[in-house]
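What follows is one structure encoded as structure tokens, with my remarks underneath.
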Amino acid sequence: MVVDLQGYDEHALRDRVRQAAYDADLGAHREVHARMVARIQGWMLILGIVVALLATTVVVMISELLTRTDQMGGKAGNVVGLVVLVPLTLLLGVAFVKSMHQSLFGPATYRAVRLDLYDRGLVFAHNDEVRAVRYDTTVVHQEHVRHMLYGLLETKTTHDYTLLDVEGEQLRLQDYSQGGLPNAARWGAVIQESVTAAQLPAAVEELYRGEIVVFGALRLTTYEVGVGAKSVRWSQVHQIEVRHGNLCVYGGERRLMPISIPVRKVPNIHVFLTLAHRLLAENRRPGTRRPAPRPASRPAPTVPVATPDEFQVLLTMVMKDHAAAERLIAYERGKLPGADRATCVAKAVERLRRDRERQG
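Here the sequence shown is numbered in the UniProt record's numbering, starting from 1 and rising by one per residue.
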């Protein structure tokens, strides 16, 4: 584990985190997960051992110089050695004493790994970088790996999350064992629950409006779930679950598995699972009116394509805020990984128009 030699003052870092949360409008602060710098670090112990060895050598050489009565050449060698070692010992000794005093009696410092959770998002600080994420616009990919001993005994589970920040850039959050933050099971669950609560209503509205809701390679409609050329109607789905790191869709009484995809490739998987389980329950409910399946000849829904002036329309809708426009484009790109920029711009404009129509 690499430990930064320079810690970060608690109050200065907290001020930067608060400013980032205010700029992103994240709401009230809920909890914080941080990694502390050890007061006595490994390099300090090594420096102390070196100083002790040098001091011992200097004492031995002084003693030999004072007690030696043979040739003058031998004394001259001791004198030269002392001229070199004494200043070096003093220099390293002063550095060791200062570092120990600062560590034991100085202000508490945070390692530059800190995660603050808010009502509407989070702020992550690492090294000299502070980044904000909003739950309603981010895209989350998760990967949980169970480490087994001889395939029988689980030794640990590592947690790895990749999100989009408010600038549309990827942000990676890892657990303590990978050099990241402690309590990964806790903060990971809070992030997933908050993202689901923030994005589920819009996804439900799109779904029941007859649109295809896309989660990376996966797609959902009210009548089927599919990936690539494969699709299964809800009436044929037996169970949906996460198993051994894969999202599995079982179909039929024999529990065939026509769809299986790694969890890490499914963006916002908790939103997907919530929608999928709702649709599966509705399909099984007696007397539920199920939508008729699409005819085979029906063309796939068209994706809006931006006109040359579409980006200017988007800028106008966000009050000429280029950063906000780029965040909306990044959000659409996260939902449609294969789409080009023009398509993402058009989708962003369409989404803003629908939101404003709902607000009256």
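In this text, a Cβ means the ideal position worked out from N, Cα and C, and glycines have one as well.
With respect to ALA198, LEU26 sits apart: the two C-beta atoms are not nearer than 8 Å. A contact is defined here as three or more CB-CB pairs under 8 Å, and the region 158-168 fails this definition with respect to the region 91-99. One alpha carbon belongs to GLU143, the other to ALA324, and they sit about 29 Å apart. By alpha-carbon distance to THR162, the top candidate from TYR223, ASN268, VAL313 and LEU247 is ASN268. Contact check for LEU122 and VAL32: beta-carbon distance about 10 Å, past the 8 Å limit, so the pair fails to qualify.
Of all alpha-carbon atoms in VAL345, PRO182, ARG284 and VAL140, the one lying nearest the alpha-carbon of THR158 is that of PRO182. Residue state for GLY188 is assigned as helix, using DSSP reduced to three classes. Annotated three-state conformation of THR138 is coil, per DSSP. Under DSSP, LYS98 shares a beta bridge with no residue.
Judged by DSSP secondary structure, GLU211 falls outside any beta strand (DSSP E); it is assigned neither H nor E. With a cut-off of 8 Å on Cβ pairs, the region 228-240 is in contact with the region 276-285, counting three or more such pairs. As a beta-bridge residue in DSSP terms, ASN246 pairs with ARG243 and PRO262.
Straight through space, the alpha carbons of HIS101 and LEU85 are spaced by roughly 24 Å. Counting along the chain, the unbroken beta strand (DSSP E) around ALA125 starts and ends at 121-126. Put simply, the backbone Cα of VAL59 is about 59 Å away from that of ALA189. Distances from the alpha-carbon of TYR250 to those of PRO258, ARG30 and VAL204 put PRO258 closest. ARG35 and ILE261 have their C-alpha atoms some 34 Å from each other. Under the 10 Å beta carbon count, ALA52 is surrounded by fewer than 16 other beta carbons and is classified as exposed. Taking C-beta atoms under 8 Å as the contact rule, ALA28 and TYR118 qualify, at a distance of about 6 Å. In this structure, VAL130 sits near ALA20, with a CB-CB distance shorter than 8 Å. In this chain, the beta strand (DSSP E) harbouring VAL227 covers 224-227. A residue is called buried once 16 or more other Cβ atoms fall within 10 Å of its Cβ, and GLN312, having fewer, is exposed.
A direct Cα-to-Cα measurement between LEU45 and THR57 gives close to 19 Å. Under the DSSP definition of a beta bridge, TYR161 partners with GLN142 and LEU173. Collapsing the DSSP output to three states places LEU220 in a strand. The C-beta of TYR208 has fewer than 16 other C-beta atoms within 10 Å across all chains shown, which makes the residue exposed.
Rounded to the nearest angstrom, the gap between the Cα atoms of MET61 and PRO87 is 14 Å. Residue environment: ILE240 is assigned as buried (16 or more neighbouring CB atoms within 10 Å of its CB, all protein chains considered). Beta-carbon to beta-carbon, LEU314 and LEU336 are separated by about 16 Å, too far to satisfy the 8 Å threshold.
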